[in-house]
Structures are given as structure tokens and as C-alpha cells.
Amino acid sequence: MIIGAGPIVIGQACEFDYSGAQACKALREEGYRVVLVNSNPATIMTDPGLADATYIEPITPDVVARIIEAERPDALLPTMGGQTALNTAMALADMGVLEKFGVQLIGANRAAIEMAEDRKLFREAMNRIGLENPRATIVAAPKLGTKFDIAAGVAEAIAAIDFVGLPAIIRPAFTLGGTGGGVAYNREDYEAICRSGLEASPVGQILVDESLLGWKEFEMEVVRDRADNCIIICSIENVDPMGVHTGDSITVAPALTLTDKEYQMLRNA
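For the sequence shown, my numbering assigns the number 1 to the initial residue and increments by one for each residue that follows.
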């Protein structure tokens, strides 16, 4: 089963439709029966013939759980559907649906998704491999029943401002394209953005980073196999500096202004 990305929005655009369509073709060529779930009918991947069964349904845990119960897939591929698919897959795992029906997560397992999406786990992973991180603190709103105590979370964030300093960058966990986050230049904005971030995060967690505004921003596209063999297939340089949202930033490939020493440092990270 492949979960699509749904409507096209900033941070989750047509690249997921393209990759999802290619995944459908590749899996069918290998002889697998492919079940596709996507809420957006105006996509290539939902064209007749690309998947063996296509469901134009809301991408929510409850709906996808019913489809899994009906179709009984062996595996679930969530990495072709962006944040929407990843969050849905994690919710299905938390609900016990995947274990109940014997569905394996492929493309990325639960631990890998959590490490990439959970700000605390990601920071700890970077520290373990010796990569320097900006000065930061993680703020988590305590849970009250089924909801989070946002006021307590905001109070914790305010207490952390002396350590991080201003301007500060607020990043919610498990959100799409920076939803709920932002850059705070003063205490009033800081409190408002922290509140927005805690409310936007499905796990009630934000990462408050020291500002790196104005730094150069580079991206490395890496393909890795299960034996830990890696290859950099593309280096990308953002023409705009840090602080310009990825959805608004112009990028060029390959990177143009890296020295060889800097490139080797990034390659070895």
C-alpha cells in the first residue's frame, strides 16, 4: 500500500506525486499488487492503471485503517506522501493497526521516522555522530488527558529564552513545511510563535534554536542502502540565505560556492 500526499501545498508539492507514480510503476513491474490511497484526484498517481486498486479518500488514520482491513496489504510505503503520509503511518502504528494486520513499514521504519521528526531525538542523534548543533532547547507541553497544556508549555519556553537568546527560531515537531513555527525578534513575538508552534505540533513539542539567519544554506541528496553504502547524487545551494522559507527560496544544483574542503566536510558528515 502506498499513501499519497493529498492536496498540493508549500513543502509538499508535485514531487511527491511524481515519486509516488514511479513507486507504483516500479512495484508493479516487480509483480506486486499495489493499493494506493490519495485524497487528491488531480494527480498522475491516481490515473487508472497506475495502481491495482485506487482509493480517493481522506488521508486520516481511521480511513486508512479501514482500507488496510479490507485490502490486507503486506507492507505500507509512507515515504512517497510527505508529512501527511508519515504522520498517518505513525498514527496507524500507535493505534496498533499495523501490528494487528501484520503490515510492515517499508522505505523508512518507525524508529527512523521518529528520529527525523522528533526534534529531541534528532538533536541527540546529531550529537552522537559529532555534528555541531546550534544552541537550543526542546519545549514539550505536558499532556492533560487527550490534550496538551499549552500554557504550561509556553511558560517553559519563556524560561528558556535567556539560554537561547533572541532572535530565536521556533520549530514545531511533526509538522509540514514549518507550519506553526517562525523567527522571533522580541519577547512578544517569541511567546506568540511558541504558542502557535505548540498548538500546531501533534505531539505538543517545539525546538527553540539560536538564530542562524544570514548563513549559507546547502542540501545534500543522499541515497543509502541497508548495508550503509551511501552516494551523494546531488548537492544543492540555496541562493537565499538562512531565514528565507524553503518554499520561497531559489535553489541551484550543483552547489556553486563551496570550497573543496567544505564539500568534503559535508560529504563526511
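The beta carbon of each residue, even a glycine, is placed where N, CA and C say it ideally should be.
Bear in mind that the values here come from a model prediction, so they are computed numbers and not experimental data.
Of the residues the options, which one's Cα is nearest the Cα of residue i?
i: Ile158; options: Thr175, Gly180, Gln264, Ala184; result: Ala184
i: Val103; options: Glu71, Val139, Arg28; result: Glu71
i: Lys194; options: Arg226, Cys234, Ala85, Asp149; result: The residue you asked about is not Lys; residue 194 is Cys in the sequence shown. Answer by Cα proximity: Asp149.
i: Ile170; options: Val139, Val63, Ala253; result: Val139
i: Pro167; options: Pro134, Thr175, Thr146; result: Pro134
i: Phe101; options: Tyr263, Asp74, Asn87, Met126; result: Asp74
i: Phe174; options: Pro202, Glu188, Ala192; result: Pro202
i: Cys24; options: Gly49, Cys14, Asn127; result: Gly49
i: Gln22; options: Thr79, Ile56, Ile68; result: Thr79
i: Ala253; options: Lys261, Asn238, Glu57; result: Asn238
For residue i, count the other beta carbons within 10 Å of its own beta carbon; 16 or more makes it buried, fewer makes it exposed. Which is it?
i: Ala26; result: exposed
i: Met265; result: exposed
i: Phe163; result: exposed
i: Gly130; result: exposed
i: Thr137; result: buried
Starting from the C-beta of residue i, find all residues in its chain whose C-beta is less than 6 Å away, skip the five residues before and the five after it, and write them out in chain order.
i: Thr46; result: Asn38, Thr54
i: Gly197; result: Ile170, Pro172, Gly180, Gly181, Ile206
i: Gly82; result: Ala5, Gln12, Phe16
i: Asn40; result: Gly6, Pro7
i: Ala108; result: Thr79
i: Ile44; result: Asp17, Ala21
Would you grab the beta carbon distance between residue i and residue j for me? Rounded to a whole angstrom, and I think it's under 8 Å.
i: Ala255; j: Ile231; result: Not confirmed; about 16 Å, so no contact.
i: Gly6; j: Ile59; result: 5 Å
i: Ile106; j: Leu77; result: 5 Å
i: Glu221; j: Cys234; result: 4 Å
What are the boundary residues of the alpha helix (DSSP H) that includes residue i?
i: Glu29; result: 14 to 29
i: Val164; result: 150 to 164
Since residue i is in the beta strand (DSSP E), which residue starts that stretch and which ends it?
i: Thr88; result: Element bounds for Thr88: not the beta strand (DSSP E) but the alpha helix (DSSP H), 82 to 95.
i: Gly181; result: Counting along the chain, Gly181 falls outside any beta strand (DSSP E), and DSSP gives it neither H nor E.
i: Asn268; result: Premise fails: Asn268 lies in the alpha helix (DSSP H), 260 to 268, not in any beta strand (DSSP E).
Short of 8 Å in beta carbon distance, which residues of its chain neighbour residue i, apart from the five on each side in sequence? Order them along the chain.
i: Tyr190; result: Ala157, Ile158, Ile161, Leu166, Ala168, Ile170, Ala184
i: Leu121; result: Glu114, Met115
Which residues in the same chain as residue i place their Cβ atom closer than 7 Å to its Cβ, once the five residues preceding and following it in sequence are excluded?
i: Leu92; result: Pro61, Val64, Ala65, Leu98
i: Glu188; result: none
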